[in-house]
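The opening residue of the sequence shown carries number 54 in the numbering used here; numbering runs sequentially from there. For glycine and all other residues, C-beta sits at the position ideal for the given N, C-alpha and C. In what follows, a single structure is set out as structure tokens and then discussed.
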Amino acid sequence: MKRQGGNGPVSVLPTMTPGAAAASKPARAEPAQQSALGFPGTLVEDWHQRAIGKMGELVEGSRALSVFLDACVKCGACTDKCHYYLGTGDPKNMPVARQDLFRSVYRRHFTWAGRWLPKLVGAKDLDESMLEDWYTYFHQCSQCRRCAVYCPYGIDTAEFAMAAREVMDTIGLGQKHTNEVIAKVHKLGNNLGLPQPVLADALAGLEEDTEEESGVPVRFPLDEKGAEVLLVTPSADFFAEPHVDGLIGYAKVFHQAGIRWTLSTHAAEAANFGLFIGSYENMQAIGLRIREAALELGVRRIVFGECGHAWRVAYNFLNTLAGPLDFLDSAYPVPQHMVEVTHDLIERGALTIDPSRNDARRVTFHDSCNVARASGMGGKAGGQFALPRAVLRAVCNHVYDMHRDTIGEATFCCGGGAGLLGEDMLDVRVKGAMPRMRAFEAVDEAHGITHMATICAICKSQFTKVFPHYGLRFDQVISLHHLVGDALVMRR
Ligand code: SF4
Ligand code: SF4
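So, in structure tokens, the structure goes:
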């Protein structure tokens, strides 16, 4: 059923300001970053012809895209549902207008009316100005799918953004942040480009710190053959705050449950930025590293740490991208989310928890868009909303939800998803975070919230950066498994 209604505490519409976000665009990928992904290094001479050819190929190969191109009736229900429109007021950030950047070119080149009567059907050529608009506004879509929840036909603008980015990469017009990251994963196995000795050193340091804090020798194993579980987690979890406290929380859970687990150098990254650029080949190459690592280490389960789009890829595609995963334990035949592991252990009474240890914290929960609208958990409808909240309530006595129009399937993106996390996009990121920040302010006013918990590495990085722009502290952002780790009563 499609949702009706508004945006919660942000329902005041912005003043529409054409061109307000036109100058905000990400840096372009350098030739070496392009070629590492199999794309031309710079804009090719026959770019127009190649772009139209690729567009035709993508539309023909995607039933969803071809239906979405024809189904829009311009009802307007999506216009005020995108956080980037609400934050910038730029009408090209209305989902339907963003789609029309692609749709108008499709009509011009692939429909009879568009070829002969272009003005009558809103058909436009892919000229240099349109290509610039594509680069700008398809990089102001975080592929969060909120617009699709409110569209009566379920039209998903994320599909347009992925297709447009793929067309642009094909003609040599890639985005630096995404393509640089993907190139690092192909070379070293993680987004940060960390070699094995650095990873091993970081994990040894975590073992020391965690033993000092908890009095228990909790292990952080790397490349250990024969472990039961391969944990695939965002590389930010190895170092950065607040991510690393989440990794400590996972390690404590595994320790308490007596589960032998390991990380892998070869697959030291859960993120799969191939999704963001719509590239099946790059997504598959990244996904295959996980399969190779699992086989090499002989694990029977694959568990994903807190990363929204990684879970989207694992949940929806890993089996077809890198499968079959028929070597896994028949009780766990598909990848699991760490939240599912912890939830199951709590349900079975396998963990001793003292939620009063988090009594100084009053917490709200941010549903990450890729978990909320592009995946599931626990094998039940709505599990992706219920399970994280059940874990949170088990480890924390003071939990308060934000407005219903801003959580669950209606959740707002953090504003930094789909490869927009670079400094070059900070202006748009801060504006795009506005709807979530307004909802946070409202729940804070009512309940005195100290922290916002989340289960996505991009959300954590984005919010720690933008919280200070809204008068909040960066350390009010917290990993769900940080709260879990702090509430666990540890034993040797
Ligand atoms: S997918 Fe998200 S970011 Fe993209 S247009 Fe829709 S609401 Fe906006
Ligand atoms: S809600 Fe759907 S049908 Fe209506 S304008 Fe938006 S994309 Fe088109």
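| Asked | Found |
| --- | --- |
| Euclidean distance between Cα positions of Asn-411 and Val-448 | 7 angstroms |
| Cβ shell of Gly-376 (< 8 angstroms), same chain only, five flanking positions each side left out | Arg-344 |
| At least three beta-carbon pairs within less than 8 angstroms, the region 374-390 to the region 312-321 | no |
| One or two residues paired with Ile-406 in a DSSP bridge | Leu-541 |
| Close beta carbons around Gly-279, own chain, < 6 angstroms, minus the five adjacent residues each side | Gly-351 |
| DSSP state of Lys-237 mapped onto helix, strand, coil | helix |
| Counterpart residues of Leu-316 in DSSP-defined beta bridges | Leu-275 |
| Selection from Arg-56, Arg-401 and Val-63 that minimises the alpha carbon distance to Arg-491 | Val-63 |
| Own chain, CB closer than 6 angstroms to Arg-160, minus 5 neighbours either side, in chain order | Gly-167, Val-174 and Ala-176 |
| Span of the beta strand (DSSP E) around Ala-506 | 504-507 |
| Within 7 angstroms of ligand 2: residues by beta-carbon to any heavy atom | Ala-124, Cys-125, Val-126, Lys-127, Cys-128, Gly-129, Ala-130, Cys-131, Thr-132, Pro-148, Val-149, Gln-152, Cys-200, Tyr-203, Cys-204, Pro-205, Tyr-206 and Ile-208 |
| The alpha helix (DSSP H) enclosing Ile-339, as first and last residue numbers | 333-350 |
| Supposed contact pair Arg-151 and Tyr-190 - C-beta distance, whole angstroms, cut 8 angstroms | 5 angstroms |
| Run of the alpha helix (DSSP H) containing Thr-373, from where it starts to where it stops | 371-375 |
| Proximity to Asp-254 [Cα-Cα], best of Phe-273, Glu-264 and Ser-267 | Phe-273 |
| Reference Arg-218, options His-504, Leu-154, Ala-463 and Thr-263, closest by Cα | Leu-154 |
| beta-carbon Ala-492 near ligand 1 non-hydrogen atom, thresh 6 angstroms | no |
| Inter-residue spacing [alpha-carbon to alpha-carbon] between Ala-76 and Val-234 | 24 angstroms |
| Contact test: Ser-195 Cβ vs ligand 1 heavy atom, cutoff 6 angstroms | yes |
| Boundaries (first-last residue) of the alpha helix (DSSP H) holding Val-158 | 148-163 |
| Backbone secondary structure at Leu-184 - three-state DSSP | helix |
| Ligand 1 heavy atom lying under 6 angstroms from the CB of Ala-217 | no |
| Own chain partners of Gly-331 with C-beta closer than 6 angstroms, once the 5 adjacent residues on each side are dropped | Met-215, Ala-216, Arg-218 and Glu-219 |
| Given His-600 as reference, the closest of Leu-474, Ile-460 and Glu-359 once Cα atoms are compared | The requested residue 600 is not part of the displayed model; the chain covers only 54 to 545. |
| Rounded separation between Asp-298 and Phe-291 - CA only | 9 angstroms |
| Range of the contiguous alpha helix (DSSP H) that encloses Ile-399 | 391-400 |
| Pairwise C-alpha distance: Arg-415 and His-230 | 35 angstroms |
| Where Val-282 falls: helix, strand or coil (DSSP) | strand |
| Test item: CB-CB of Gly-140 and Met-487 under 7 angstroms | yes |
| Range covered by the alpha helix (DSSP H) that runs through Val-306 | 296-310 |
| Arg-457, DSSP secondary structure in three states | helix |
| 7 angstroms Cβ cutoff met for Cys-509 and Cys-197 | no |
| 7 angstroms CB neighbourhood of Ala-320 in its chain, flanking five on each side removed | Gly-242, Val-285, Arg-342, Ile-343 and Ala-346 |
| Within 7 angstroms, strictly: CB atoms of Val-542 and Thr-405 | yes |
| beta-carbon Thr-464 near ligand 1 non-hydrogen atom, thresh 6 angstroms | no |
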